[in-house]
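Numbering (the working numbering), first residue to last: 1 to 413.
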Amino acid sequence: GGRPAVVQEKPGVTRDRREFVAEWQGTGFLLIDTGGWELKPGEALTSEIRSQAEAAVSAADAVLFVTDATTGLTDDDAGVADLLRRSQIPFVFAANKVDDAAKEGAAAELWSAGLGKPVPVSAFHGRGVGDLLDALVGVLPDLGKLPEADPVPSVAVIGRPNVGKSTLLNRLAGMERVIVSEIPGTTRDPVDQMVDLDGRVFRFIDTAGIRRKPKIKEDADFYSVLRAREVLERADVTLLMIDAFEGVTHQDQRIAADAVEAGAALVVVVNKWDLVDDEARHRLESDLGDRFGFVGWAPVLRMSALTGSRVGRIRAALDLVLETRTTRISTGVLNRLIREWTGAHPPPVRAGRRPRIQYVVQGGDSPPTFIVFVSGGELGDDYLRFLEGRLRDAADFTGTPIRVFTRSKDRRR
């Protein structure tokens with residue numbers, strides 16, 4: 001019912017398997033989208049895509065096998081049909097691209113697959129999809145009413161291409177959940193994976209590497225980056241991965257700013273730490289202080305996703321920033337502090353007027369949000385940054401952005 005997957009008229013766009021919650025006629029199920037299965041993969045990347053698809057099939061309660069009615073039964077289709085017959089997993093056989101009644105004859109030809117009657121559909125136009133879903137729900141096991149699950153914190157793993165995001169997710173998941181390749185841009189769709197870290201479950205979301213716009217050459221890459229940025233809007237925590245070899249780049253700064261804008265908690269992960277010498281480490285530490293000064297409140301972890309060195313520190317960092325994300329300061333304490341701060345450092349005069357802070361309230365958390373009621377003028381951005389700094393001194397807001405808004409009688413900012 002939406003556009004969660006990158007779609008393009010070329011093969012190989014989908015690579016990793018992705019999971020979506022779906023529902024039809026009161027029956028909920030988890031839908032797993034996989035990359036195209038090839039009988040004879042021609043390169044390492046397509047071989048990995050095939051392995052991911054087969055792993056999804058082996059863990060499934062049912063399979064939706066989609067073929068292209070306009071091309072007829074291919075060798076790859078025959079290979080999938082053989083795989084299904086051997087697996088003995090319930091399945092539904094769909095003939096896609098049957099856009100009108102005239103093309104239903106092409107779907108009938110797919111009986112030769114030996115999988116029974118194919119269900120003719122047009123995924124693009126929605127034709128026949130209701131019948132397909134009826135058939136799919138009909139082969140799913142009846143699990144009865146499932147208990148309500150506790151909310152699970154979501155952690156977005158973001159960064160530039162090839163900094164080790166997928167390697168980290170595989171390390172945390174304890175399996176090859178995401179395809180890892182030296183080819184930049186291997187991950188295109190966000191990939192969700194539930195991971196148990198020392199007894200607490202997190203939903204990790206591996207995203208496509210966020211490139212600078214001039215380096216985005218394909219539509220698939222453009223939409224991959226767009227979806228990666230959308231993930232930030234629904235994440236509780238962002239793990240921003242930095243390549244220790246390359247240091248902090250301008251693009252890393254932009255990604256960090258995007259995470260702050262989205263309101264997610266932030267943990268900086270310096271990957272490949274074990275591969276750089278002391279001189280490079282010293283230079284990187286200086287980079288972190290200079291270029292990430294605007295997120296100096298974010299914890300920094302130094303590790304190796306490939307070897308697993310120091311990866312165990314992630315759980316403690318996630319617990320910390322999730323806790324501080326919900327920190328609240330009572331209105332009484334807050335206003336006492338504001339009087340102290342403004343008494344020592346009054347707001348500067350602007351346009352001949354000195355603004356006066358009447359009172360402050362914390363309007364919410366996740367992220368912590370403060371509303372400053374002002375009369376007699378406007379507070380500038382510099383003074384709002386001053387207030388943010390004082391708030392961080394007063395309470396533990398490690399790893400979480402703070403939002404400070406002003407209100408006055410005649411305007412809001």
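Virtual Cβ for every residue (Gly too), placed ideally from N, Cα, C. Keep in mind that this is a model prediction, so the values were computed, not measured.
### Within 8 Å, strictly: CB atoms of residue 327 and residue 365
Residue 327 sits at position 327 when you count from the first residue of the sequence shown. Residue 365 sits at position 365 when you count from the first residue of the sequence shown. A contact, by the Cβ cut-off of 8 Å.
### Message
What would DSSP say about residue 325, mapped onto helix, strand or coil?
### Response
As a first step, residue 325 must be located in the sequence shown, where it is residue number 325. It is coil, neither helix nor strand.
### Message
I'd like the list of long-range same chain contacts for residue 417, defined as Cβ closer than 7 Å, with 5 residues on each side in sequence excluded.
### Response
It is not possible to answer for residue 417, since the shown part of the chain is limited to 1 through 413.
### Query
Can you name, in chain order, every residue of its own chain whose Cβ lies under 6 Å from the Cβ of residue 12, other than the five neighbours on each side?
To locate residue 12, count along the sequence shown from 1; it is residue 12. Any answer about residue 12 is weak, because its pLDDT of 44 lies below 50 and its placement is not dependable; what the coordinates show is given next. Closer than 6 Å at Cβ, skipping near neighbours: no residue.
### Query
Which residues bound the beta strand (DSSP E) around residue 24?
Here the question's residue 24 lines up with position 24 in the sequence shown. First-last of the beta strand (DSSP E) with residue 24: 18-24.
### Task
Give the single residue among 32, 334, 401, 131 whose Cα lies nearest to the Cα of residue 267.
Translated into the one-based positions of the sequence shown, residue 267 becomes position 267. Ranking 32, 334, 401, 131 by Cα distance to residue 267 puts 401 first.
### Query
Roughly how far, in whole angstroms, is the beta-carbon of residue 127 from the beta-carbon of residue 150, given that I think they are within contact range, below 8 Å?
The residue you call residue 127 lines up with position 127 of the sequence shown. The residue you call residue 150 lines up with position 150 of the sequence shown. That belief does not hold up - the Cβ atoms of residue 127 and residue 150 are roughly 40 Å apart, past 8 Å.
### Message
Per the DSSP calculation, residue 122 is bridged to which residue(s)?
### Response
Mapped onto the sequence shown, residue 122 falls at position 122. Looking at the DSSP assignment, residue 122 forms a beta bridge with 127.
### Task
Could you spell out the range, first to last residue, of the beta strand (DSSP E) harbouring residue 96?
As a position in the sequence shown, residue 96 is number 96, starting the count at 1. Here the beta strand (DSSP E) through residue 96 covers 91-96.
### Task
Report back the beta-carbon spacing between residue 241 and residue 159 to the nearest angstrom; my notes put them in contact at under 8 Å.
Residue numbering aside, residue 241 sits at position 241 when the sequence shown is read from its first letter. Residue numbering aside, residue 159 sits at position 159 when the sequence shown is read from its first letter. Indeed they touch by this definition, with Cβ atoms about 4 Å apart.
### Message
Using only the alpha-carbon positions, how far apart do residue 80 and residue 36 sit?
### Response
Here residue 80 is taken as the residue at index 80 of the sequence shown, counted from 1. Here residue 36 is taken as the residue at index 36 of the sequence shown, counted from 1. Going by the C-alpha atoms only, they are around 10 Å apart.
### Message
Is it buried or exposed, residue 117, if we count other Cβ atoms within 10 angstroms and call 16 or more buried?
### Response
Taking the first residue of the sequence shown as 1, we reach residue 117 at position 117. Label assigned to residue 117: exposed.
### Query
Where do the ends of the alpha helix (DSSP H) carrying residue 385 lie?
Taking the sequence shown and counting its residues from 1, the one referred to as residue 385 is at position 385. Element bounds for residue 385: 381-394.
### Query
Mind checking residue 232: buried by the 16 CB within 10 Å criterion, or exposed?
Against the sequence shown, residue 232 aligns to sequence position 232. Buried.
#### Entry: Segments of 3+ residues assigned as beta strand (DSSP E) that fall wholly inside the segment 244-321
265-271, 300-302
### Query
For residue 30, which option in 54, 58, 62 has the closest C-alpha, if you only look at C-alpha atoms?
One-based indexing of the sequence shown puts residue 30 at position 30. Among 54, 58, 62, the Cα nearest to that of residue 30 is on 62.
### Query
Quick one: what's got a C-beta closer than 6 Å to residue 218's C-beta in the same chain, skipping five residues either side?
As a first step, residue 218 is located in the sequence shown; it is residue number 218 there, counting from the start. Interpretation of residue 218 is limited by its pLDDT of 49, a score under 50 that renders its predicted location unreliable; the figure taken from the coordinates is listed afterwards. No residues qualify anywhere along the chain.
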